[in-house]
Each structure stands twice: as structure tokens, then as C-alpha cells.
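A.B. asks:
There are 2 protein chains.
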Amino acid sequence: MSEHRLVIGLNAVLAALEGPSPRVLCVERSVGWALPFGAFDPGAHRTFEIGLRQFVELQADVPLGYVEQLYTFGDMGREAPRAVMRDTEPSDRVVSVGYLGLAPECVPPAIDRAQWVDWYTYFPWEDWRDGAPSILTDDILPKLDVWADTEDRRARLRASFALEGVPWEEERVLDRYELLYEAGLVPEEARDRGETSRATDESLGRPMLSDHRRILATAIGRLRGKLRYRPILFQMMPEHFTLTDLQLAVEAILGFRLHKQNFRRSLESAGLVEKTDIVAASTGGRPAALYRASALALEKHSPGMTLPRMRQ
Amino acid sequence: MSEHRLVIGLNAVLAALEGPSPRVLCVERSVGWALPFGAFDPGAHRTFEIGLRQFVELQADVPLGYVEQLYTFGDMGREAPRAVMRDTEPSDRVVSVGYLGLAPECVPPAIDRAQWVDWYTYFPWEDWRDGAPSILTDDILPKLDVWADTEDRRARLRASFALEGVPWEEERVLDRYELLYEAGLVPEEARDRGETSRATDESLGRPMLSDHRRILATAIGRLRGKLRYRPILFQMMPEHFTLTDLQLAVEAILGFRLHKQNFRRSLESAGLVEKTDIVAASTGGRPAALYRASALALEKHSPGMTLPRMRQ
DNA sequence: ACCCCATATACTCTCTGTGAGCATAAGTGC
DNA sequence: GCACTTATGCTCACAGAGAGTATATGGGGT
Chain A
121 MSEHRLVIGL
131 NAVLAALEGP
141 SPRVLCVERS
151 VGWALPFGAF
161 DPGAHRTFEI
171 GLRQFVELQA
181 DVPLGYVEQL
191 YTFGDMGREA
201 PRAVMRDTEP
211 SDRVVSVGYL
221 GLAPECVPPA
231 IDRAQWVDWY
241 TYFPWEDWRD
251 GAPSILTDDI
261 LPKLDVWADT
271 EDRRARLRAS
281 FALEGVPWEE
291 ERVLDRYELL
301 YEAGLVPEEA
311 RDRGETSRAT
321 DESLGRPMLS
331 DHRRILATAI
341 GRLRGKLRYR
351 PILFQMMPEH
361 FTLTDLQLAV
371 EAILGFRLHK
381 QNFRRSLESA
391 GLVEKTDIVA
401 ASTGGRPAAL
411 YRASALALEK
421 HSPGMTLPRM
431 RQ
Chain B
121 MSEHRLVIGL
131 NAVLAALEGP
141 SPRVLCVERS
151 VGWALPFGAF
161 DPGAHRTFEI
171 GLRQFVELQA
181 DVPLGYVEQL
191 YTFGDMGREA
201 PRAVMRDTEP
211 SDRVVSVGYL
221 GLAPECVPPA
231 IDRAQWVDWY
241 TYFPWEDWRD
251 GAPSILTDDI
261 LPKLDVWADT
271 EDRRARLRAS
281 FALEGVPWEE
291 ERVLDRYELL
301 YEAGLVPEEA
311 RDRGETSRAT
321 DESLGRPMLS
331 DHRRILATAI
341 GRLRGKLRYR
351 PILFQMMPEH
361 FTLTDLQLAV
371 EAILGFRLHK
381 QNFRRSLESA
391 GLVEKTDIVA
401 ASTGGRPAAL
411 YRASALALEK
421 HSPGMTLPRM
431 RQ
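If you read the sequences in order, they're chains A and B. Counting from 121, one number per residue, gives the positions in the first sequence under my numbering. Counting from 121, one number per residue, gives the positions in the second sequence under my numbering.
(1) According to DSSP, A159 of chain B sits in a beta bridge with which residue or residues?
(2) Per DSSP, K395 of chain B is paired with what?
(3) For S422 of chain B, which residues in the same chain have their Cβ closer than 8 Å to its Cβ, ignoring the five residues on either side in sequence?
(4) Quick check on the burial criterion: 16 or more other C-beta atoms within 10 angstroms. Buried or exposed for A164 of chain B?
(5) Tell me where the beta strand (DSSP E) around Q189 of chain A begins and ends.
(6) Excluding the 5 residues flanking R278 of chain B on each side, which residues of the same chain have their C-beta closer than 8 Å to its C-beta?
(7) Alpha carbon to alpha carbon, how far is R342 of chain A from M425 of chain B? Give it in angstroms, no decimals.
(8) Please confirm if I128 of chain A has its CB atom under 9 Å from at least one CB of chain B.
(9) Rounded to the nearest angstrom, what separates T119 of chain A and A159 of chain A at their Cα positions?
(10) Please report the Cβ distance between L329 of chain A and V151 of chain A, rounded to the nearest whole angstrom; I am assuming they are in contact, meaning their Cβ atoms lie under 8 Å.
(11) Determine the contact status of G221 of chain A and L134 of chain A, defining contact as a CB-CB distance below 9 Å.
(12) Put S422 of chain A into one of helix, strand or coil per three-state DSSP.
(13) Quick check on this structure: which residue in A:I340, A:A303, A:V293 has the alpha carbon closest to the alpha carbon of R274 of chain A?
(14) Going along chain B, which residues have a C-beta under 8 Å from F354 of chain A?
(15) Does DSSP put P140 of chain A in a helix, in a strand, or in coil?
(16) Taking R311 of chain B as the reference, give the member of B:V370, B:D331, B:R431, B:Q367 with the closest Cα.
(17) Checking contacts by CB at 9 Å: is M425 of chain A closer than that to chain B?
(18) Residues of chain B with CB under 7 Å from H124 of chain A, in chain order?
(19) Going by beta carbon distance, what residues of the same chain come within less than 8 Å of P229 of chain B, once the five residues before and after it are set aside?
(20) Looking at the C-beta of G314 of chain A, does it have a partner C-beta in chain B at a distance below 9 Å?
(21) Could you give the first and the last residue of the continuous alpha helix (DSSP H) run that contains L343 of chain B?
(22) Given I231 of chain B, which residues of its chain have a CB within under 7 Å of its CB, disregarding the five upstream and five downstream residues?
(23) Please state whether DSSP places E284 of chain B in a helix, a strand or coil.
(24) Taking only the alpha-carbon atoms, compute the straight-line gap between G219 of chain A and P407 of chain A and give it to the nearest angstrom.
(25) In three-state DSSP terms, what is R213 of chain A?
(26) DSSP beta-bridge partners for W267 of chain B?
(27) Please report whether the beta-carbon of T192 of chain B lies at a distance below 9 Å from any beta-carbon of chain A.
(28) Between which residues of its own chain and E138 of chain B is the CB-CB distance below 7 Å, once the five residues before and five after are set aside?
(29) Using beta-carbon positions only, say whether F193 of chain A and I340 of chain A come within less than 9 Å of one another.
(30) Closest by CA to P140 of chain A, which one among A:R249, A:Y411, A:F168?
(31) How long is the line joining the alpha carbons of N382 of chain B and P428 of chain B, rounded to whole angstroms?
(32) Of all the CB atoms in chain B, is at least one closer than 9 Å to the CB of A279 of chain A?
(33) Contact criterion: CB-CB distance below 9 Å. Does E138 of chain B meet it with respect to chain A?
(34) Assuming P244 of chain A and G375 of chain A make a contact with CB atoms under 8 Å, what is their CB distance in whole Å?
(35) Taking DSSP's pairing of strands, which residues face R429 of chain A in a bridge?
(36) May I ask you to report which of helix, strand or coil DSSP gives E148 of chain B?
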């Protein structure tokens with residue numbers, strides 16, 4: 121065993137919805153934007169989750185509801201810079217355990233450096249609700265086309281960015297980010313190579329500290345994928361909601377529009393929602409009935425919902 | 121930060137098939153059966169996977185093909201006993217990163233303490249290929265029925281062990297093991313409480329060192345679940361195989377029988393297999409055509425196969 | 001009071017994938 | 001040649017998903 125000390129960094133992707141905007145809790149640090157994170161303390165924390173909840177409360181003071189572990193990142197060279205972690209030494213090796221947490225609303229963080237940020241600020245190419253994003257078609261794809269000069273690269277590009285008839289797979293957020301990283305299109309890549317250019321280039325989404333954008337990509341991909349087979353969405357909804365609210369929430373997370381009638385049918389036939397007597401305050405047209413999550417929808421292992429994509 | 125030193129244990133569930141027997145690579149240590157594992161060395165290992173491959177080679181000398189991370193277990197009280205880990209001190213805190221690895225065949229391990237073991241040795245209640253296992257109906261369920269004396273416990277029991285009309289969900293291997301652990305039916309529970317009774321009770325499956333049976337349960341559940349949406353199975357098959365071989369392989373992993381015709385139809389319509397000119401040496405009836413995995417089936421993100429369960 | 005507009009909600013039609021059974025082909029052993 | 005075994009092909013029924021059209025129910029303007 122070498123002399124390098126191990127440090128486990130706990131990272132929380134805390135997600136919530138603000139109307140049609142999917143948000144993630146971010147903390148502004150001296151060196152840039154980051155997820156709430158801190159070192160796991162083996163003496164004080166009996167489990168990872170206990171440590172995580174403590175950090176989130178300390179750094180953002182937002183209640184943490186549903187929590188699930190995402191992945192443990194241990195690659196050298198992409199770990200957290202020590203500068204921002206207290207009580208670590210240059211020789212320490214930092215590995216990151218990423219967590220996904222869901223909250224039913226964006227409660228304003230009590231700490232002023234913490235803030236709810238629309239996650240498409242970090243991944244503008246992931247939002248297809250108004251059609252293919254122009255940053256993708258005009259900016260990213262031409263550059264990736266130049267980068268993909270081998271058959272292997274072309275195949276990966278085709279598969280992850282839905283070229284040549286391949287359908288867009290919304291859950292492959294990490295694949296796409298990693299491809300942009302490898303192609304040197306995101307500022308984190310140059311930074312990890314040791315370049316000190318402080319050009320905060322946000323043209324391809326806002327960069328984050330350390331490997332936090334990678335963790336965020338993992339979280340969004342996991343959340344998008346999980347909607348299909350677990351009723352996890354109701355962890356992000358208020359107690360009462362209209363079916364349109366629910367659809368807008370799903371669309372916000374997935375980044376594309378759904379077929380309204382089929383979405384509703386699948387919800388009701390799956391028994392995930394129950395109508396209440398209450399009727400929503402009108403929003404210009406016929407008032408909508410308010411629904412709530414059924415008992416089934418709140419169970420951990422219930423099936424999710426079908427997500428009928430709207431076609432052109 | 122306290123004085124406790126952190127140690128990351130890397131654990132490999134290496135799975136392969138021997139005909140209709142799903143096996144996992146196990147190592148016999150002085151204190152019992154274990155998965156290949158060892159401490160991650162932050163000085164020597166650039167990534168977790170590098171460390172993992174090194175341990176597996178050292179302890180079993182079996183080539184490691186497909187590998188994926190499972191979960192990181194950090195709970196106090198269920199970590200690895202220090203006794204078996206070199207260079208650790210009593211105050212050290214050990215967390216386990218579990219990995220799943222797949223091999224196309226059970227190559228005999230070069231180390232004599234390593235061995236391929238049928239995984240139903242550890243989870244006899246998971247094998248429904250010949251109907252409901254008697255150890256479940258005669259032994260486990262009566263005991264669990266006594267244990268489930270609250271509404272909450274009853275609900276969990278119903279859901280994970282398919283009581284009262286709930287269908288058996290093959291991927292919930294961990295849920296079932298954890299329930300048996302909580303109910304005090306597996307020897308690991310008493311051991312973790314500090315009881316020193318060395319009664320190696322194997323009536324409810326063979327126990328393992330530390331939390332290794334939990335990691336194994338996670339791995340089997342992940343593998344079972346992933347079959348449906350990724351063509352991962354072909355990582356465990358030889359280059360050429362008959363469709364019956366393939367079906368037996370799936371049945372071995374899932375632990376239940378499939379509907380032959382529908383399974384074949386789904387395979388061919390999904391384009392996962394290609395017929396070759398070769399015909400298998402006859403096994404008593406009409407000789408079967410040999411197939412191989414298609415290019416599609418070898419891609420990482422291709423869809424999996426439908427698993428049409430055989431009904432009575 | 002009436003009409004127009006916007007949104008919510010209901011109904012229908014079609015197509016495909018899946019569950020299930022039956023029929024036929026091609027070997028082996030006696 | 002016959003019985004048996006395993007492989008392979010075909011068909012029917014049905015449920016669910018995709019997609020479009022029609023009807024209810026509110027608000028606001030004239």
C-alpha cells in the first residue's frame with residue numbers, strides 16, 4: 121500500500137421542477153459552479169447517505185427527499201481539485217460517489233451561494249422541446265463531424281447524437297457529454313489537461329468544477345431512463361397537479377414533447393393517478409381537474425409510465 | 121476529519137455459464153468463501169478497473185472481459201472484516217465497490233483456491249426452472265410468515281416473494297436476500313451482530329465472507345434485469361451456439377423457463393443472431409443450426425431480448 | 001346575450017408485438 | 001420402415017401503443 125491517502129467525495133445532484141424548467145441545485149464557489157459536495161468522514165458518518173444529507177443541508181439548506189446512488193467515479197486525472205476541499209493534501213487521491221436526489225419543489229436555498237439552475241444551462245443540446253436545438257445543428261455537429269475521422273468515432277457519433285436515421289435516445293446524456301469531452305469541445309477537457317486558460321467558454325453549456333458536469337449528466341440520464349419503469353416522477357410533483365402539469369414535468373425532464381392523449385391514457389390505465397374533486401384555477405380555457413399520485417404510484421417498485429413521443 | 125483511514129475494497133462478481141449452470145468465480149479463504157477482492161491502491165491504480173483486473177488475475181487467473189460497476193456499499197457494520205485484508209488496521213473504515221464481470225466460458229482458474237460455483241448454491245430460492253423451489257415453499261416462506269407481523273413487513277414480503285398473486289420478479293434478488301437478512305434467516309446476520317457461533321448453516325444457501333453475498337445478489341439482479349434491454353448475454357456465449365443453447369443460458373440466468381417459439385421469434389425479429397452454415401453435432405433429434413451473435417448484438421447500446429415466460 | 005377562442009376530455013381506428021398452440025421437417029436408434 | 005426426439009415454421013387471438021378526430025367547458029370580447 122502506498123502513502124497516498126484516500127478521500128471519498130460525496131456529490132449530490134438535487135433535482136426539482138419549476139414549472140417547465142428542470143432545475144438542479146448548484147453552489148457557486150470561488151473557482152466556479154459546483155454540485156453540493158464534501159468529503160465523507162469515516163469517523164462521523166455511519167453511511168454515505170448520512171454524510172450526503174449533512175453536506176446538502178450545510179451548503180444549501182434544502183430538504184433531501186428521495187435519494188439514490190448513481191455511480192462511483194475513480195479515474196485519476198478527473199477528480200476534484202484539492203484546492204476546494206478542506207483538510208486534503210496534494211498527494212491525496214479523491215474518488216467521487218455521485219447521488220441523485222429529488223425534491224417536490226425548488227425551495228429557495230437558505231445559503232446565498234446556493235441556487236436552483238435550469239439544467240439545460242449545462243447541457244443546451246439536450247433540450248429538444250422546441251425541435252432540434254440550434255446549438256446542436258449549427259455549432260456542435262459541424263465540429264464533431266470534423267473530429268469523427270475514424271470509423272470508430274463515426275459510429276459513436278452516429279449512435280449517441282442520432283445521426284443518419286438513428287433515433288435520439290434521451291437517456292444517453294453521459295455518452296454525449298463524454299464524446300464532447302473527448303473531442304475537446306468542453307472547457308473541462310483543456311482544464312483537466314492542465315491548461316490554465318481561464319476563458320469561461322459557455323457556448324457549449326456552462327462548465328462545472330471537477331467532474332461535476334459528468335456526474336450531472338449521469339444523473340439526468342438515470343432520471344430520464346428511470347421514468348419509464350419506476351413512478352419516480354411523483355417524487356418531484358406537488359400533492360395536487362393537473363395532467364397538463366404532469367406532462368409538462370415529464371417533457372421538461374425528457375427534453376421532448378409527448379403525445380397528449382396517449383400519455384393520459386397510459387397514466388390512467390396504469391392507475392398511477394387519481395382524480396380529486398378539486399378543479400384548478402382556470403388558465404384561460406376549460407379548468408382542469410386536479411389529480412394526485414395513487415398509492416400504487418408511491419410504491420418503490422411499481423411500473424413507470426409509457427412516454428409516447430410526439431412526432432412531427 | 122477524524123483519524124480513521126479509508127480503505128476501498130474492490131469486489132468482482134465474475135459470472136460465466138457451464139451448460140445450464142450459471143456460475144460465479146469464488147475464492148476459498150481461511151475464513152470462508154469470498155468473491156475475488158482486494159484493496160484499491162490509490163498510488164498504483166489509475167482507475168478502479170485496473171485494480172480490479174489485477175486482483176482477479178492474482179487470485180484466480182481468469183481473463184476478465186466485459187466489466188461494469190454495480191454499487192458502492194458504505195454502510196458501517198457490514199463491511200469487510202479486517203482480518204482478511206492485508207495492511208489494514210482495526211480503525212480503518214472499509215467501503216466496497218462491487219463490479220460485475222462476464223466471461224464466455226468457465227476457464228479453469230489457475231489458482232487452486234479459486235473455483236467456479238453454481239450461484240444457486242448461494243441463492244437456492246432463486247431457481248424456479250423446475251417450478252417453485254421446495255426450500256422456498258417448505259422452509260423459507262413459513263419462517264417469513266412468522267416474521268412478517270407488521271403491515272409494513274407483510275407488504276414487503278408480498279412484493280418481493282410474490283405472495284398473494286403478485287408475480288415473481290426475477291430481478292429482485294437483493295430485495296429477497298435483504299429480507300432474509302433482516303429476518304435473521306441467513307448466518308451473516310448473526311455474524312455481523314458479533315455472534316461467534318461457527319455453525320456453518322447452509323440450509324438457506326451457502327454464506328459468504330463480509331457482505332459478499334449481498335454484492336452477489338446485486339450482480340445477479342442487475343444481470344437478470346439487463347438482459348431485457350441490452351444484448352449483454354452474448355458476452356457469456358461462445359462464438360457459435362444453437363438457439364436451444366441460448367435459451368438454456370437465459371433460463372439459467374433468469375431461473376425460469378421460457379416459451380421456445382416466442383423466444384426464437386423475438387431473437388430473429390430483433391436481428392440479434394445470424395444463422396451460420398454449420399450444423400451442430402446431433403444431440404438425439406434433428407440437428408440444430410448454429411448461430412452467432414450479429415454485429416448489432418455486439419454493440420453496447422443495442423436493445424435486449426424479450427423474455428417470454430413459460431406459463432403452466 | 002351571444003360568439004369566438006382556448007384548453008380539457010372522450011372516442012375511434014389501425015398496426016404491431018406478444019402469448020399460445022399446432023403443423024411440419026430432419027435427424028437417431030431399433 | 002417405424003417410433004422417438006429435437007428443430008423449425010405457421011397461424012390465430014388479443015392487448016397495448018400510435019395517431020387522429022370530435023365534443024365539453026370555461027373565459028373574454030362585442
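Backbone N, C-alpha and C define an ideal beta-carbon position, used for all residues, glycine too. Computed from a prediction, not measured in an experiment: that's the story for all the values here.
C.D. replies: Result, derived from the coordinates:
(1) Within the second sequence, numbered from 1, the residue matching residue 159 of chain B stands at position 39. A159 of chain B pairs with B:G129.
(2) As a first step, residue 395 of chain B is located in the second sequence; it is residue number 275 there, counting from the start. B:Y411.
(3) The sequence position of residue 422 of chain B within the second sequence is 302, counting from 1. Taken in chain order, the residues that qualify are R350, P351, L392, L416.
(4) What you label residue 164 of chain B is simply residue 44 of the second sequence in a count that begins at 1. Looking at its Cβ environment, which holds fewer than 16 other Cβ atoms inside 10 Å, A164 of chain B is exposed.
(5) Here residue 189 of chain A refers to the residue found at position 69 when the first sequence is read from its first residue. Per DSSP, Q189 of chain A belongs to the beta strand (DSSP E) from 186-193.
(6) Taking the first residue of the second sequence as 1, we reach residue 278 of chain B at position 158. Correct list, in chain order: E284, V286.
(7) Sequence index remark: in the second sequence, residue 425 of chain B carries index 305 (1-based). Sequence index remark: in the first sequence, residue 342 of chain A carries index 222 (1-based). M425 of chain B and R342 of chain A: Cα-Cα distance of roughly 21 Å.
(8) Translated into the one-based positions of the first sequence, residue 128 of chain A becomes position 8. Yes - at least one Cβ of chain B is within 9 Å of the one on I128 of chain A.
(9) The question about residue 119 of chain A has no answer, for chain A in this structure spans 121 to 432.
(10) As a working mapping, residue 329 of chain A is identified with position 209 in the first sequence. As a working mapping, residue 151 of chain A is identified with position 31 in the first sequence. Confirmed, about 6 Å.
(11) The residue you call residue 221 of chain A lines up with position 101 of the first sequence. The residue you call residue 134 of chain A lines up with position 14 of the first sequence. Yes.
(12) To locate residue 422 of chain A, count along the first sequence from 1; it is residue 302. Coil at S422 of chain A, not helix or strand.
(13) Taking the first sequence and counting its residues from 1, the one referred to as residue 274 of chain A is at position 154. Ranking the options by Cα distance to R274 of chain A, first place goes to A:A303.
(14) Indexing the first sequence from 1 puts residue 354 of chain A at position 234. Within chain B, no residue comes near F354 of chain A; the closest Cβ sits about 18 Å away, beyond 8 Å.
(15) Here residue 140 of chain A corresponds to residue number 20 of the first sequence, with the count starting at 1. Looking at P140 of chain A - three-state DSSP - the assignment turns out to be coil, as it is neither helix nor strand.
(16) Walking along the second sequence from the start, residue 311 of chain B turns up at place 191. Ranking B:V370, B:D331, B:R431, B:Q367 by CA distance to the CA of R311 of chain B puts B:D331 first.
(17) The sequence position of residue 425 of chain A within the first sequence is 305, counting from 1. Taking Cβ atoms only, chain B never reaches closer than 9 Å to M425 of chain A, which makes this a no.
(18) Against the first sequence, residue 124 of chain A aligns to sequence position 4. One finds P162, G163 in chain B with Cβ atoms closer than 7 Å to the Cβ of H124 of chain A, taken in chain order.
(19) By one-based count along the second sequence, residue 229 of chain B stands at place 109. Around P229 of chain B: L145, A180, D181, V182, Q235, W236.
(20) As a working mapping, residue 314 of chain A is identified with position 194 in the first sequence. With 9 Å as the cut-off, G314 of chain A does not count as an interface residue toward chain B.
(21) Locating residue 343 of chain B in the second sequence gives position 223, counting from the first residue. Counting along the chain, the alpha helix (DSSP H) containing L343 of chain B begins and ends at 332-346.
(22) Taking the first residue of the second sequence as position 1, residue 231 of chain B is located at position 111. The residues Q179, A180, D181, in chain order, have a CB closer than 7 Å to that of I231 of chain B in the same chain once the five nearest residues on each side in sequence are set aside.
(23) For the purposes of this step, residue 284 of chain B is identified with residue 164 of the second sequence, where counting begins at 1. Residue state, collapsed to three classes: coil.
(24) The residue given as residue 219 of chain A occupies position 99 in the first sequence. The residue given as residue 407 of chain A occupies position 287 in the first sequence. Correcting the residue type first, residue 219 of chain A is Tyr in the shown sequence and not Gly. Linking Y219 of chain A to P407 of chain A through their CA atoms gives a straight-line distance of about 38 Å.
(25) Sequence index remark: in the first sequence, residue 213 of chain A carries index 93 (1-based). Note: R213 of chain A maps to strand in three-state DSSP.
(26) Stepping through the second sequence from its first residue, residue 267 of chain B is reached at position 147. None, per the DSSP bridge assignment.
(27) Counting from one through the second sequence, the residue named residue 192 of chain B turns up at place 72. Answer yes: the Cβ-Cβ gap between T192 of chain B and chain A drops below 9 Å somewhere.
(28) The residue labelled residue 138 of chain B in the question sits at position 18 within the second sequence. Once the five neighbours on either side are set aside, the close Cβ partners of E138 of chain B are C226, W236.
(29) Position 73 of the first sequence holds residue 193 of chain A. Position 220 of the first sequence holds residue 340 of chain A. Result no, Cβ atoms of F193 of chain A and I340 of chain A do not sit closer than 9 Å.
(30) Working through the first sequence from its first residue, we reach residue 140 of chain A at position 20. Considering only A:R249, A:Y411, A:F168, the residue with the shortest C-alpha distance to P140 of chain A is A:R249.
(31) By 1-based counting over the second sequence, the position of residue 382 of chain B is 262. By 1-based counting over the second sequence, the position of residue 428 of chain B is 308. Computed Cα separation, rounded: 6 Å.
(32) Counting from one through the first sequence, the residue named residue 279 of chain A turns up at place 159. A279 of chain A counts as touching chain B.
(33) Against the second sequence, residue 138 of chain B aligns to sequence position 18. Not an interface residue.
(34) Stepping through the first sequence from its first residue, residue 244 of chain A is reached at position 124. Stepping through the first sequence from its first residue, residue 375 of chain A is reached at position 255. At roughly 10 Å, the Cβ-Cβ gap does not stay under 8 Å, so P244 of chain A and G375 of chain A are not in contact.
(35) As a position in the first sequence, residue 429 of chain A is number 309, starting the count at 1. DSSP, once it has assigned bridges, lists A:L378 as partnering R429 of chain A.
(36) Position 28 of the second sequence holds residue 148 of chain B. Assignment of E148 of chain B by DSSP, reduced to helix, strand and coil, places it in the strand class.
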